[in-house]
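Just so you know, the sequence shown maps onto residues 253 to 515 in this note's numbering. Beta carbons: idealized from backbone N, C-alpha and C, even for Gly. Since the structure is predicted, the reported quantities are computational estimates derived from the model, not experimental observations. Data first, discussion second: the structure below is written as structure tokens.
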Amino acid sequence: MCLIVFAWKYHSDYPLIMAANRDEYYQRPTTLAGFWEDQPDILAGRDLTGGGTWLGVNRQGQFAAVTNYREGHQQPAPRSRGELTANFLSSDTDIRQYAQHVIDEGDQYNGFNLLLGDGDQLHYCSNRQPQIQTLSPGIYSLSNHLLDSPWPKAIHAKEVLEPLLKTNSVDRDLLIQSLQRREPFADEHLPDTGVGLEMERMLSPPFIASKDYGTRCTTVLLKKYQEKNNQIETTLVEQNYGDDGVPSERSTFNLIGPDRADQ
253 MCLIVFAWKY
263 HSDYPLIMAA
273 NRDEYYQRPT
283 TLAGFWEDQP
293 DILAGRDLTG
303 GGTWLGVNRQ
313 GQFAAVTNYR
323 EGHQQPAPRS
333 RGELTANFLS
343 SDTDIRQYAQ
353 HVIDEGDQYN
363 GFNLLLGDGD
373 QLHYCSNRQP
383 QIQTLSPGIY
393 SLSNHLLDSP
403 WPKAIHAKEV
413 LEPLLKTNSV
423 DRDLLIQSLQ
433 RREPFADEHL
443 PDTGVGLEME
453 RMLSPPFIAS
463 KDYGTRCTTV
473 LLKKYQEKNN
483 QIETTLVEQN
493 YGDDGVPSER
503 STFNLIGPDR
513 ADQ
């Protein structure tokens, strides 16, 4: 997962509005979003190499998403970062306690950013900074550096998302379209993460398309208040792409619950 943009408790009807692009090598085996046979409470796509996921939810109303922290040096045999999300979604640990556990074991992984939440609270942590952040209402973006780092793609994603939040209903198609820019940004605005200028250019747009690596799917995750039954409806939409960047399968899932924690 290389770009996440989201509004947290910013819209009166939706505590969470999130759109995310997952970038990966085309040859890395993956299953489409669905409920896992071995962990049926988890709804997510699955990385078949590491066994985890980049973004998912569970039937208890929790959600998690991870991105890599891009840097030139990588550990030779790290633990899979996808297990950070999967382990959270399959546990009953308090969110902040789980985040602290992740930070304590952070040196076992290459660099990562992790979002952990439910309909009431949302936390951000990374093994590239010591503190856990409890997020206040607002619009955020997360790419392959720390939360809200001013990378061009992250700034662009927030600028495109903000006007989409000014309506009562949220258009899922527009959220998917908001992450479709494929043009690289100008060299003078690119970060230097130690991977070389050519790679920085290739990785700079929200939607990546190259010979061997690119955007594999766009996921929209919505949480909406249901006043009639005092619950939260979770909607997950996954739009997949072929290695030519052309849209392929799309799946939509809806879950109801749990009760609103702020009532």
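Here Q483 carries a strand assignment [DSSP, helix/strand/coil]. With fewer than three CB-CB distances shorter than 8 angstroms, the region 267-284 does not count as touching the region 437-451.
Sequence-distant Cβ neighbours of T504 in its own chain, meaning closer than 6 angstroms and more than five residues away, are V489. Within the region 374-421, the complete beta strand (DSSP E) segments of 3 residues or longer fall at 374-378, 390-394, listed in chain order.
In the DSSP assignment, I269 falls outside any alpha helix (DSSP H) and lies within the beta strand (DSSP E) extending over 268-277. Within a 10 Å sphere around the beta-carbon of V354 sit 16 or more other beta-carbons, which makes this residue buried.
In the displayed model, D359 falls within a helix according to three-state DSSP. Q491 and Q381 have their C-alpha atoms roughly 32 angstroms apart. Here S395 is near T319, since their CB atoms are less than 9 angstroms apart. Taking the Cα positions, N481 is about 29 angstroms away from R502. With respect to the 9 angstroms criterion, I269 and Q314 are not classified as neighbours on the basis of their beta carbons. When D299, T471, Q385 are compared, the shortest CA-CA separation from Q352 is found for Q385. Note on Y392: 16 or more other CB atoms within 10 angstroms of its CB, so buried under the neighbour-count rule. For a cut-off of 8 angstroms, the C-beta gap from L295 to A272 is around 15 angstroms, too long to register as a contact.
Excluding residues up to 5 positions away in sequence, D275, G466, T467 lie with their Cβ nearer than 6 angstroms to the Cβ of I460 in the same chain. According to DSSP, residue pairing for T337 in a beta bridge does not occur.
The shortest CA-to-CA distance from R333 to any of D344, S378, S343 is the one to S378. Following the DSSP letters along the chain, one finds Q478 inside the beta strand (DSSP E) bounded by residues 465-478. For the pair D265 and Y493, the CB atoms are not nearer than the 9 angstroms cut-off.
Note on geometry: alpha-carbon atoms of P267 and A259 lie some 8 angstroms from one another. Per the DSSP secondary-structure output, R298 pairs in a beta bridge with T283. In its chain, beyond the 5 residues on either side, G363, F364, N365, S378, R380, N396, H397 have a beta carbon closer than 7 angstroms to the beta carbon of Y321. The region 404-424 makes no contact with the region 335-346: fewer than 3 CB pairs, one atom from each, lie closer than 8 angstroms. Excluding the 5 residues flanking it on each side, L426 has same chain C-beta neighbours closer than 6 angstroms at L416, in chain order. Under DSSP, I508 takes part in a beta bridge, and its partners are E485. For Q327, the number of other beta carbons within 10 angstroms of its own is below 16, and it is reported as exposed. By the Cβ neighbour-count rule, V498 is exposed, with fewer than 16 other Cβ atoms within 10 Å of its own.
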